[in-house]
Amino acid sequence: MTGAEPAEASDLDLVRRAQAGDADAFGELVERNRRAVFRAALAALGSAAEADDVAQDAFVMAYRKITSFRGDAAFRTWLLAIAWRKALDRRKSLTRWLRITAAPPDADADAPNWIEHMPADQRTQEEDLAAAQLQHKVKLLIRTLPRKLRDAILLAGSGDYTYEQISHILGVPVGTVKWRVSEARRVLKQKLAAVGHAHD
Amino acid sequence: MTERPRRFDGDGTDAAIDRAVREIMNRDAAPGFRRRVVARLEREPRIAWTWGQFGLIATAAAVVLLLAVWARTPQPLQQPVSEPRRAELVRPVVEPAPTPTRPATTPAAPSDVKREARAVAERRTQKPTSDRRVTAASIDPAEERLERGNANPRVPDGRVETTRRPSGDPLSIPPLQIRPLETGEIRMKSMTVGPLVVVPLLPPR
Numbered sequence: 000m001t002g003a004e005p006a007e008a009s010d011l012d013l014v015r016r017a018q019a020g021d022a023d024a025f026g027e028l029v030e031r032n033r034r035a036v037f038r039a040a041l042a043a044l045g046s047a048a049e050a051d052d053v054a055q056d057a058f059v060m061a062y063r064k065i066t067s068f069r070g071d072a073a074f075r076t077w078l079l080a081i082a083w084r085k086a087l088d089r090r091k092s093l094t095r096w097l098r099i100t101a102a103p104p105d106a107d108a109d110a111p112n113w114i115e116h117m118p119a120d121q122r123t124q125e126e127d128l129a130a131a132q133l134q135h136k137v138k139l140l141i142r143t144l145p146r147k148l149r150d151a152i153l154l155a156g157s158g159d160y161t162y163e164q165i166s167h168i169l170g171v172p173v174g175t176v177k178w179r180v181s182e183a184r185r186v187l188k189q190k191l192a193a194v195g196h197a198h199d
Numbered sequence: 000m001t002e003r004p005r006r007f008d009g010d011g012t013d014a015a016i017d018r019a020v021r022e023i024m025n026r027d028a029a030p031g032f033r034r035r036v037v038a039r040l041e042r043e044p045r046i047a048w049t050w051g052q053f054g055l056i057a058t059a060a061a062v063v064l065l066l067a068v069w070a071r072t073p074q075p076l077q078q079p080v081s082e083p084r085r086a087e088l089v090r091p092v093v094e095p096a097p098t099p100t101r102p103a104t105t106p107a108a109p110s111d112v113k114r115e116a117r118a119v120a121e122r123r124t125q126k127p128t129s130d131r132r133v134t135a136a137s138i139d140p141a142e143e144r145l146e147r148g149n150a151n152p153r154v155p156d157g158r159v160e161t162t163r164r165p166s167g168d169p170l171s172i173p174p175l176q177i178r179p180l181e182t183g184e185i186r187m188k189s190m191t192v193g194p195l196v197v198v199p200l201l202p203p204r
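And the structure:
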């Protein structure tokens, strides 16, 4: 037992220590949940810079309110709810939102890189190009989805959250989350068909 | 309840959607995120205290403003006293003199009342304008100027109003009693009209 590695502290242990004033414990919580919080903000805002800022705000807010965390839900779920509210507040700012939407989509800048990093399999160059074009169009169309559908499909598609967590973040039942994801896919397919991409 | 969203593979549209979403979401916070959060947390107490101070100052300013507004609010006029008086004086005019013998549909009565009203209106128009001016000036604007410290306010035509003391009580303005005197005259006239009501005027029509 003496030479064994100390077991990794659970989120709840770290929360208890942070509640007692242990700043390092809270730093560890930041490290563990950084990506999930950042991506939730990214799904809402669509801008990495804004998401980074909002994620910081969310952690600061969580630290300020950590004494009110009772452990009824998982710490990450509680934290994600804070981050989402912060992100929505930021999104409501009309000027910021206009700036984000008016800016050239990141997808445009990333498209060439994505093509370069495509796995080299047996597909022909034409097929690769067609797939790249399709994906590029999908990314652009996702931005045109209604907010509720876009939020749901981005959170679900990120792979970072369970349906339950998404339900908690969005404040809607799990069934509603599933319906929104399905509806987002349907709308996207419809739009793709309208521009000549009807594979399925 | 830890079900994760389904993922599609292959070349279909669903798979393309999944890849596009992953690509949009496949980002991470800028390097040094934890350090930046900790730095903000260290600044946090100062920010909180600043906001606390701001709230305190804002509250104090609001209280002072409310007190100032409350102090500047003018006292209500003595309406409860003047209203009954007016009603008392007007009542005889509204209710005609008790003439049990006169029919209710006497055609002469309305014309007499109109005639009287016209006469009163003419008398009013013949009144010297200076009287009306003084009355009007002594009710409101001049009173305001007196309150502001101008002992000799100017009336609209430019002359100096010297008939009122600066320390006069605005709540006991005597000119308000001028109107009851006019209505009193009307009442007296209506008493004299009574005998003029002659029914025999009806047959010619």
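Protein sequences, first through last, are from chains A and B. Residues 0 to 199 in numbering that gives the first Met the number 0 are what the first sequence lists, from first letter to last. Residues 0 to 204 in numbering that gives the first Met the number 0 are what the second sequence lists, from first letter to last. Quick reminder that beta carbons are idealized off the backbone N, C-alpha and C, glycines included.
Could you check what DSSP says for residue i in three-state terms: helix, strand or coil?
i, result
"G156(A)", "helix"
"A108(A)", "For A108(A), the predicted structure reports a pLDDT of 44, less than 50, and the residue's modelled location is therefore unreliable. A value from the coordinates is still provided. In this structure, A108(A) counts as helix in the three-state DSSP scheme."
"S181(A)", "helix"
"S9(A)", "coil"
"S71(A)", "The sequence given here places Asp at residue 71(A); Ser does not occur at that position. In the structure shown, D71(A) sits in coil (DSSP, three-state: anything other than H, G, I, E or B)."
"R26(B)", "coil"
"S166(A)", "helix"
"D21(A)", "coil"
"R5(B)", "coil"
"G45(A)", "coil"
"K91(A)", "helix"
"Q189(A)", "helix"
"T12(B)", "helix"
Rounded to whole angstroms, what's the CA-CA distance from residue i to residue j? Just pull it up for me.
i, j, result
"L64(B)", "L55(B)", "14 Å"
"A129(A)", "G70(A)", "49 Å"
"P145(A)", "R71(B)", "54 Å"
"A108(A)", "F53(B)", "Here A108(A) scores only 44 on pLDDT, less than 50, and its place in the model should not be relied on; the value that follows carries that caveat. Taking the straight line from one Cα to the other gives about 44 Å."
"I165(A)", "E125(A)", "38 Å"
"F74(A)", "A24(A)", "13 Å"
"A54(A)", "K190(A)", "32 Å"
"G20(A)", "S92(A)", "34 Å"
"Q134(A)", "P4(B)", "20 Å"
"T66(B)", "D88(A)", "The sequence given here has Leu at residue 66(B), not Thr. Cα to Cα, L66(B) sits roughly 36 Å from D88(A)."
"D13(B)", "V20(B)", "11 Å"
"V194(A)", "A15(B)", "15 Å"
"E121(B)", "A59(B)", "59 Å"
"R16(A)", "G45(A)", "34 Å"
"V37(B)", "K85(A)", "18 Å"
Near residue i, which residues of its chain fall below 8 Å by C-beta distance, leaving aside the five closest residues on each side in sequence?
i, result
"R34(A)", "D159"
"H167(A)", "A72, T76, L79 and A80"
"L11(A)", "G70 and F74"
For the ligand NAP, any of its heavy atoms closer than 7 Å to the Cβ of residue i?
i, result
"D21(A)", "Questions concerning the ligand NAP fall outside what the structure shown contains, since it holds no ligand whatsoever."
For residue i, which residues in the same chain have their Cβ closer than 6 Å to its Cβ, ignoring the five residues on either side in sequence?
i, result
"I152(A)", "V180 and A183"
"W83(A)", "A39 and I168"
"Q18(A)", "I65 and T66"
"A29(B)", "none"
"A61(A)", "L78 and I81"
Going by beta carbon distance, what residues of the same chain come within less than 7 Å of residue i, once the five residues before and after it are set aside?
i, result
"A47(A)", "L41"
"H196(A)", "L133 and K136"
"E163(A)", "V173"
"A8(A)", "none"
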